[in-house]
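Going by UniProt numbering, the sequence shown opens with residue 1, and the numbers climb by one from there. Note that beta-carbon positions come from the ideal geometry of N, C-alpha and C, so glycine has one too. Treat the numbers as computed from the prediction; the structure is a model and nothing was measured. Contents: one structure, followed by commentary.
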Amino acid sequence: KKKGGKDKLARMSSEDRLRYLQHRAAIEEESKRRRDQLVSTYLKNKLRHEELSAKINSAKINQQWRQCLRHLKNKGKRYYAPKKIFCSRLFFHSKKFRGEHMTLGV
1 KKKGGKDKLA
11 RMSSEDRLRY
21 LQHRAAIEEE
31 SKRRRDQLVS
41 TYLKNKLRHE
51 ELSAKINSAK
61 INQQWRQCLR
71 HLKNKGKRYY
81 APKKIFCSRL
91 FFHSKKFRGE
101 HMTLGV
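Dropping the structure here:
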């Protein structure tokens, strides 16, 4: 049979009991300090990792946004440029334009 902690304390003298309880309190305090330090270190590392991930994700989002804007800008140029060319061709081939050229002697 295991003897309980109460029996052990009951058999001790008052000085030994005081020393034992102080020792147990010191051990518990040390284990609590280590646990708090471990949790603190873990949370600091996790926060650092999250900040790094946030920077990377922000950079990726900015890059995609710029790429989207560039694409829209180029797409807009592609749509407007052929229309201008198409309009100038229509104007060139129109009767009025050809008639003006003919009268100017060009």
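query                                                                                                                                : result
In its own chain, which residues sit with a C-beta less than 7 Å from the C-beta of Lys84, not counting the 5 before and 5 after it? : Confidence at Lys84 is low in this model, with a pLDDT of 49, below 50, so the placement of that residue should be treated as unreliable; the coordinate-derived value is given next. Answer for Lys84: no residue qualifies.
For Ser13, name the three-state secondary structure that DSSP assigns.                                                               : coil
Look at Leu9 and Arg19 and say whether their C-beta atoms are less than 8 Å apart.                                                   : no
Could you tell me the alpha carbon to alpha carbon distance between Lys60 and Arg66, rounded to whole angstroms?                     : 10 Å
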